[in-house]
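In full-length UniProt numbering, the protein residues as written are 1 to 335.
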């Protein structure tokens, strides 16, 4: 039997197991007896399918897919009940950072979709601000403020709380656009990255040309690293949704999108949490008359702490789960 025939014969059962596993992970108590029995039966069948795939199709993407499916089914069936507090702790300490790391390839693509237009716009705007603003005429008032050496962000000092709320609302809108834009096959996500990169490139290039760059970066440096990182993360989550639609793999597009959405929504806590942090910094620290070194330090410390958490948290559990999955593979032929 070739892999394609094996997939055609089994994929409906795998999709059903994916649905039941997702329900069990979210609220297993709400599942009835027949669903629990079906979950157990499909899980045992999937372990047998994995054993056959490892024997007949080693190195095929199907084997990787089944390994992930069996591992998630195993954790859903054999996990211990936990209190809501434990669930929240597990989410922030393990599930969220692990989901962030799973999205890194897509987040990298979102970063490039932002950075490349920003770089091109910066070069054009630095050489000739008039040509730069021609790329997006709506930024003409900002360029005029830069030319007049007007630090427009100082107005935030008149009402820091209101300014922080306004900034947070805008950042959430951009992140939401990047996230949900994945459902448009990623077109709106990529546009959001492109447009915001274009904006930063035009403004910063003109500021460099007009001797205003130190003022501008003195405003951006405190909140920018966290804010932009989370925008890239939202873009990565959106692109993962788009990829699931375009390349569903061994399952239907509906099932692939459901799995991608589950992974993407796991990082929503980070998006909200760190956008709030960026909004508070931008509203209360960035517009203040503080030394540039202090604002740079705030940006480095806040972004460094964020990346340390997202890149390092939950790794011990990840290694433990990998070991358990390896042990599970050894037991499969005996089932």
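Think of the CB as a built atom: it goes at the ideal place given N, C-alpha and C, for glycine as much as any other residue.
Since we're looking at a predicted model, the values are computed, not measured.
Close-in-space but distant-in-sequence residues of the same chain around residue i (CB under 8 Å, 5 per side omitted)
| i | result |
| --- | --- |
| residue 16 | 38, 42 |
| residue 5 | none |
| residue 336 | Because the chain spans 1 through 335 in this model, residue 336 falls outside it and cannot be assessed. |
Sub-8 Å separation of residue i and residue j beta-carbons
| i | j | result |
| --- | --- | --- |
| residue 175 | residue 275 | yes |
| residue 206 | residue 100 | no |
| residue 194 | residue 117 | yes |
| residue 62 | residue 53 | yes |
| residue 299 | residue 213 | no |
| residue 208 | residue 126 | yes |
| residue 234 | residue 278 | no |
| residue 57 | residue 136 | no |
| residue 192 | residue 182 | no |
Of the residues the options, the one placed nearest residue i, counting alpha carbons only
| i | options | result |
| --- | --- | --- |
| residue 150 | 116, 165, 211, 137 | 211 |
| residue 336 | 215, 197, 186 | One cannot answer for residue 336 here, as it falls past the ends of the chain, which runs 1 to 335. |
| residue 23 | 75, 121, 297, 170 | 75 |
| residue 236 | 295, 109, 253, 153 | 109 |
| residue 310 | 96, 140, 58, 294 | 96 |
| residue 184 | 265, 33, 243 | 243 |
| residue 69 | 208, 47, 261 | 47 |
| residue 172 | 272, 4, 290, 57 | 272 |
| residue 241 | 141, 5, 260, 233 | 260 |
| residue 312 | 18, 247, 49, 92 | 92 |
| residue 165 | 49, 280, 186, 26 | 280 |
| residue 147 | 60, 182, 104, 215 | 215 |
| residue 102 | 292, 267, 291, 290 | 267 |
| residue 71 | 84, 18, 85 | 18 |
| residue 153 | 60, 219, 29 | 219 |
| residue 84 | 26, 141, 55, 104 | 26 |
Residue i, enclosing alpha helix (DSSP H) - first and last residue
| i | result |
| --- | --- |
| residue 135 | Premise fails: residue 135 is in no alpha helix (DSSP H) and is neither H nor E. |
| residue 223 | Element bounds for residue 223: n/a, residue is neither H nor E. |
| residue 23 | 3 to 27 |
| residue 298 | 292 to 312 |
| residue 65 | 61 to 78 |
| residue 149 | Neither: residue 149 is in no alpha helix (DSSP H) and is coded neither H nor E. |
| residue 56 | 33 to 56 |
| residue 125 | 104 to 127 |
| residue 204 | 187 to 209 |
| residue 30 | No alpha helix (DSSP H) holds residue 30; DSSP gives it neither H nor E. |
| residue 275 | 268 to 284 |
| residue 84 | 84 to 90 |
Distance between residue j and residue i (C-alpha atoms, nearest Å)
| i | j | result |
| --- | --- | --- |
| residue 202 | residue 230 | 21 Å |
| residue 10 | residue 87 | 33 Å |
| residue 12 | residue 239 | 26 Å |
| residue 155 | residue 288 | 10 Å |
| residue 115 | residue 286 | 22 Å |
| residue 35 | residue 20 | 8 Å |
| residue 258 | residue 245 | 10 Å |
| residue 128 | residue 120 | 12 Å |
| residue 200 | residue 297 | 21 Å |
| residue 45 | residue 302 | 47 Å |
| residue 305 | residue 138 | 35 Å |
| residue 189 | residue 143 | 26 Å |
| residue 33 | residue 14 | 20 Å |
| residue 78 | residue 264 | 24 Å |
| residue 145 | residue 254 | 49 Å |
| residue 106 | residue 232 | 9 Å |
| residue 293 | residue 227 | 19 Å |
| residue 113 | residue 30 | 42 Å |
| residue 60 | residue 252 | 18 Å |
| residue 104 | residue 67 | 21 Å |
| residue 295 | residue 131 | 31 Å |
| residue 331 | residue 284 | Because the pLDDT at residue 331 is just 37, under 50, the model does not fix this residue reliably, and the value given afterwards should be weighed accordingly. The straight-line gap from Cα to Cα measures roughly 57 Å. |
| residue 49 | residue 55 | 10 Å |
| residue 141 | residue 111 | 27 Å |
| residue 291 | residue 217 | 12 Å |
| residue 73 | residue 170 | 39 Å |
| residue 28 | residue 204 | 52 Å |
Same chain only: Cβ atoms within 7 Å of residue i, ignoring 5 sequence neighbours per side
| i | result |
| --- | --- |
| residue 8 | none |
| residue 40 | 77 |
| residue 262 | 22 |
Contact set for residue i: own chain, Cβ-Cβ below 6 Å, skip 5 residues either direction
| i | result |
| --- | --- |
| residue 282 | 167, 223 |
| residue 321 | In this prediction, residue 321 scores a pLDDT of 46, lower than 50, which makes its location untrustworthy; the coordinate-derived value is nonetheless stated afterwards. Contacts found: none. |
| residue 248 | 256 |
| residue 186 | 239, 242 |
| residue 326 | Here the model assigns residue 326 a pLDDT of 44, short of 50, so the residue's position is not dependable, and the following value carries that caveat. Excluding positions up to five away in sequence, the list is empty. |
Residue i beta carbon near the ligand HEM (any heavy atom closer than 7 Å)
| i | result |
| --- | --- |
| residue 71 | Because no ligand of any kind appears in the structure shown, any question about the ligand HEM cannot be addressed here. |
Closer than 8 Å to chain B by CB, residue i
| i | result |
| --- | --- |
| residue 187 | The displayed structure is made up of one protein chain only, and chain B is not part of it. |
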